[in-house]
Amino acid sequence: MTTEDTDIDPLASLTRRYRQQPRSLSKQVRVQQALRVLIEQEWPSGMRLPPHRRICQALGLARNTLAGAINHLLEEGILMTGHGQGTWTHRPPQEPAVPSRPALSGLSGRARSLLSQPGAAEVQSGAFVPGIPDIAQFPMRKWRQLYASVTVPRNALLLSYSTGGYGPLKRAIRDFLQRWRHFDCDTEQIIITEGTHNGLELCALALADTGDRVVMESPCYWGARNVFTACGLTPELLPWVPGQGHRGTLPANPRLLYLTGSQHYPLSVPTSEHDKQALCDSLRPDYVIEDDYEFNGQRDTHLVFDPRSERHILAGSFSKLLFPGLRLGYLVVPRHLAGAISRLRSEVFREGRMLDQAVLATFLANGDLDDWYQRIQKEYLARQQVLHDQLSQVAAITDISAPSHAISLCARFSEDVDDVAITRQLFRHHFIVKPLSAVCSRDDNRKGLIMGVGMLNRESLRKEALRFRQVLGGLLP
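Under my numbering, the sequence shown has 1072 at position 308, and the numbering climbs by one with no breaks.
The following block contains the structure:
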C-alpha cells in the first residue's frame, strides 16, 4: 500500500504527533515516539512513509537524527524497508489485552480485597517480572540424576508423610545456614515448608489469632502481606528509608513483626541490622519473623535473627535460589515451639514432597547448591549492571538501587508520577513489572517500579533493556 492509496496525509499527522511530544525529550526520541504511536494506532500496515528528506524538512531534523529513530523502529519490527523501495509501516499482530480481573461476586471480603489491589499478579512470567530466578541455566541434568538416585533404591519411606521434614534435608539446611548465615541451630528447630508463603501461613496460624496486628515495613513484600491478610491478621505498615531509619510511630506490642532478611525486598538494598533492632526494641513484638527472601551471600548478613531467642523466627526458601516450581523452604523456630509447630503443620497441611526433599538434601550435601549459587550470583550482578546502565539514562528516574547479586532491583520516580498507570502501559509493551506505590503505606508516597533480572540473559537482556529504556522514557514526564 502506498501513501496515495489512502486518504491519510502522513506528513501532517507525523508533524502533529511530533509537536505533542514533551520538549524535554531529545528530537530523536520525540520523532521515534510519534512514529510508534501513529503506526500502532492510526496508520494502516503497509503504508509507505514520505521520503526521509521531506520528513526532515517538515520537522526540522538532521538526517542522522531521523535515521537513528528509523533504525530503532526497524529493530522493533514496526517499520520495514527494502533496497530502493523506501520504508513502510508494519503493524504488529494484535497485542494481547490486559487480562480482565475475575468476577469478584461471591468471594469473601478478604479475597476481594486481595484481588482488587493495584499490581495484583495476573501474569507471572515475562521481561523484568520481579521475584523469578533464572531457570534456563539451572543444572537440570544433575537434578534428574539425583532424582533417579533416590528412587532406584525403592525406599517406601519417601512415599509417606514426614513430621517436620526429611531428616537428612534438615541436617543439610543446618550446615548450609552455618556456612552462609554464620549461625548454629539444632535440626529440631528446622521445619520444612512448601515455600516461604506456606511458612508464613504456618507462623500466622501457630502464633496469632484473627484480628491480631502484624507490623511490616513500607514498602512491604506483597506476598507476605497477602498471606497475613488471608489468615485474618491486620497488617500495619511503617515506612523505612535507607540511611534514615523508620518514620512515624505505631502502638507497641504487636503480635508479630515481619522483617526482610539481608536484602530488603522490594527496595533491593541491604537491610540495616541497627534499624531492625531499634524497631524490635521500640515495638516489643511477641514474635519477630525475618524473611530471607532476597538471599545473598554477603559476609554481613544484616540479620537480627538469633537461634537462641524465644521470639525470633527465620523463614527461607529454595524457590528463589533454585527454581520456583520446587516449592520447598524452611523455618527456624525457637526450641520450645518447634514440636508444637511441627505437629500443627502435620495436622493442617499434612506433609509430602519427600522425594523432592531427598533430592534437595543430596544437592545440598554434595555442595551443588553452593556451586550453583556462586555462579549464578555473578550472572545476576552482570545483568543488574546492564539494566542499571540503561535506566540511568532516563532523566525522570530519581534513584535506582545499586547493582547487586540479587534478582530484583527498584527504580524510583518523583511522587507526582502515577506508577500504577505506567505499569499498565508497560504491560502493553510486554514488560511485567510492579508499581512501588502498591506496596507502600498511605503515609508513604514513594513511587517507582519493581523489576527482576531472572527471566532474561545475555543478548536478550541487552535488547530488552534498551527497548525498556526507550518505552519508559516516552511514558515518563
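Think of the CB as a built atom: it goes at the ideal place given N, C-alpha and C, for glycine as much as any other residue.
Whole-angstrom distance between residue j and residue i, CA atom to CA atom
i     : j     : result
L1055 : D1135 : Sequence inspection shows Asp at residue 1055; the Leu mentioned does not correspond to that position. Whole-angstrom Cα-Cα distance: 23 Å.
G1103 : I1161 : 50 Å
D1208 : L971  : 28 Å
T951  : R938  : 6 Å
I997  : A1170 : Just to set this straight, residue 997 is Leu in the shown sequence, not Ile. Taking the straight line joining both Cα atoms gives about 30 Å.
L813  : I819  : 9 Å
E981  : G1131 : 35 Å
H961  : R1210 : 26 Å
R1114 : L1086 : 24 Å
A831  : A1079 : 53 Å
T851  : L843  : 7 Å
T766  : W1004 : With a pLDDT of 48 at T766, under the threshold of 50, the modelled position of this residue cannot be trusted; read the value that follows with caution. Approximately 58 Å between the Cα atoms of the pair.
R943  : V1203 : 33 Å
M1215 : A1175 : 8 Å
A912  : L1090 : 17 Å
H816  : G846  : 14 Å
F1195 : Q1027 : 24 Å
S1156 : S1172 : 16 Å
S1106 : T957  : 10 Å
Q909  : F940  : 22 Å
A875  : G810  : 47 Å
L933  : L1067 : 23 Å
Q953  : R1019 : 21 Å
S1036 : P1030 : 14 Å
E840  : H854  : 10 Å
A733  : P983  : The requested residue 733 does not occur in the structure, where the chain is confined to residues 765 to 1241.
Reference residue i, options the options, closest by Cα
i     : options                      : result
G1238 : I772, P774, V801 and L778    : V801
S777  : S1081, T1013, Q797 and S1165 : Q797
A1159 : Y782, S790 and P774          : S790
D1182 : C1174, L1200 and F1191       : L1200
F1232 : G1218, L1151, G846 and D976  : L1151
P1167 : S1032, R1019, S1083 and Q881 : S1032
D1163 : F1177, Q1157 and W986        : F1177
V1112 : F1059, N1221 and E965        : E965
S877  : V1123, N1017 and C995        : C995
K1084 : G1218, G929, V979 and E804   : G1218
P897  : I1186, L1047 and I1140       : I1140
G1127 : A968, K906, T1187 and P1098  : For the record, residue 1127 in the displayed sequence is Phe; it is not Gly. Comparing Cα positions, the closest option is K906.
G963  : E804, A1185, A1129 and S1110 : S1110
Buried or exposed by the 16-neighbour rule on C-beta atoms within 10 Å, applied to residue i
i     : result
H1010 : buried
M904  : exposed
L1021 : buried
P1034 : buried
D769  : With a pLDDT of 48 at D769, under the threshold of 50, the modelled position of this residue cannot be trusted, and the question is left open.
Q1148 : buried
Q901  : exposed
H836  : buried
N990  : buried
D1039 : buried
P774  : buried
D725  : Examination of residue 725 is not possible in this model, given that the chain is present from 765 through 1241 alone.
D1050 : exposed
Residue range of the beta strand (DSSP E) that includes residue i
i     : result
M980  : R977 to S982
I1196 : I1196 -> no beta strand (DSSP E), and no H or E assigned at all.
M811  : Neither: M811 is in no beta strand (DSSP E) and is coded neither H nor E.
G846  : L843 to G846
T851  : G850 to T853
I955  : I954 to T957
Beta-bridge partners of residue i, as assigned by DSSP
i     : result
D1045 : Its beta-bridge partners do not exist; DSSP assigns none.
C1174 : I1214
P1034 : Q1027
T1013 : DSSP, once it has assigned bridges, lists no residue as partnering T1013.
S1081 : G1093
P999  : V978
W1004 : H1010
Residue interval of the alpha helix (DSSP H) (run including residue i)
i     : result
I819  : H816 to L823
W944  : G931 to R945
D1153 : D1132 to L1155
E961  : The sequence given here has His at residue 961, not Glu. Taken as a continuous stretch (DSSP letters only), the alpha helix (DSSP H) holding H961 covers T960 to L971.
E1223 : R1222 to L1239
I803  : K791 to Q805
R1051 : In the sequence as displayed, the identity of residue 1051 is Tyr instead of Arg. Not the alpha helix (DSSP H): Y1051 falls in the beta strand (DSSP E), residues Y1051 to D1055.
E840  : R827 to E840
T993  : W986 to A994
D898  : Here D898 belongs to no alpha helix (DSSP H), and DSSP marks it neither H nor E.
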